[in-house]
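Below: the structure, in structure tokens.
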Amino acid sequence: MMERQGYFRVHGKGEQAYQSFVPTPLQQVEVAVDDEMRWLLQQAHRQIASLSHSEEAMRQEVEASVRLAWGVPEPSPFMFGMAPAAQERDERMLMDEKLLCEATSFGVERLHVLPLSGRLFKDIHYVMMQGEHNEKKYPGEFRHSPTWIGDVGDTLFTAPFVTPTGDDFLTAFADLENYINEEDNQDVLIKAALIHYQFEMLHPFIDGNGRLGRLITQLFLIDRGVLEAPLLRQSVFLNRHQFEYFTGLASVEFSGRYEKWIKLYLKALSSDTFANAASV
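Residue numbering for the sequence shown is 6 to 285, as defined by this note's numbering.
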């Protein structure tokens, strides 16, 4: 049966069978905007409109996005020393921060010559995934094999969620490109939230999807004239609320709860407003 968020396609038979997800195109998703969402939209638009150019804000966003990608919480003042493995990880994280800064500047410049599209995303991914520790992650190339979400030890055949594969992936990504670039009456921040969900669910690359997906939000809002530069600190908020972030994405994948996800992401886009919130 077709659920609101999509359906699962069965591949193979017996022990070699698995199900991959086929998403509903975002053009077909009707969002129910209630009073809470209207208020969050007002807060987010007001906060974004008040942003002024700040190197510090961009530095915080890059640092938080990389920490989120590595599954590392915010630095603690009680962390006095690090084991060698942690030091090595920290060096790679610093390299990833440098690369994400370069990819951000590159993406903003390329917006002048390319639309928000697979070609642009691949180019940005290539810049973002340089370095020896990324050489086996196919910089600038879409994945050619299925990926899945599950517990440690899960395989393609046991995982509860397998991302779109083959032609399903290509069709879904083309639908996403069209949704990003088409003009409609939907609030641009609702579109940004839906784009981020769909990109993360499609998981186009072997690695780096989270960092790139959060950067795409910035580029989308710059392209729509809502932002002058990549000034959002969404990753700062999302890193503080990692559990809510990942369960919010999963609530769409498994239950079609787009509205729950949109409300959370609007809080992230208003990160300075909600930075000190105790919960989301």
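Backbone N, C-alpha and C define an ideal beta-carbon position, used for all residues, glycine too.
By how many angstroms is the C-alpha of residue j removed from the C-alpha of residue i?
i: residue 36; j: residue 96; result: 42 Å
i: residue 193; j: residue 226; result: 8 Å
i: residue 273; j: residue 19; result: 43 Å
i: residue 266; j: residue 257; result: 7 Å
i: residue 22; j: residue 231; result: 46 Å
i: residue 99; j: residue 9; result: 40 Å
i: residue 122; j: residue 222; result: 13 Å
i: residue 292; j: residue 168; result: Since the displayed the chain opens at 6 and closes at 285, residue 292 lies outside it and no answer follows.
i: residue 228; j: residue 264; result: 24 Å
i: residue 17; j: residue 24; result: 9 Å
i: residue 101; j: residue 13; result: 35 Å
How should residue i be labelled, buried or exposed, when 16 other C-beta atoms within 10 angstroms of its C-beta is the threshold for buried?
i: residue 33; result: exposed
i: residue 188; result: exposed
i: residue 72; result: buried
i: residue 198; result: buried
i: residue 275; result: buried
i: residue 244; result: buried
i: residue 15; result: exposed
i: residue 240; result: buried
Pull the bridge partners of residue i from the DSSP assignment, please.
i: residue 25; result: 14
i: residue 8; result: 11
Fully enclosed by the region 98 to 174, which alpha helix (DSSP H) runs are 4 residues long or longer? Complete alpha helix (DSSP H) runs here, min 4: 123 to 133.
For the region 189 to 205 against the region 61 to 68, are there 3 or more C-beta pairs whose distance is under 8 Å? The region 189 to 205, when compared against the region 61 to 68, does not touch it at the 8 Å Cβ threshold.
Give a yes or no on contact between the region 107 to 120 and the region 164 to 181, applying the rule of three or more CB pairs nearer than 8 Å. Taking 8 Å as the limit for Cβ pairs, the verdict is that the region 164 to 181 does not touch the region 107 to 120.
Decide yes or no for the touch test of the region 120 to 132 against the region 149 to 167: beta carbon pairs closer than 8 Å, at least 3 of them. As far as the Cβ criterion goes, the region 120 to 132 does not touch the region 149 to 167, which means the pair count is below three.
Using 8 Å as the Cβ pair cut-off and three pairs as the minimum, do the region 40 to 56 and the region 202 to 216 touch? No, they do not touch.
Which runs of the alpha helix (DSSP H), 4 residues or longer, sit entirely within the region 164 to 231? The qualifying runs are 171 to 186, 193 to 207, 214 to 228.
At which residue ranges does the region 20 to 68 contain complete alpha helix (DSSP H) runs of 4 or more residues, listed in the order of the chain? Segments of the alpha helix (DSSP H) lying fully in the region 20 to 68: 40 to 54.
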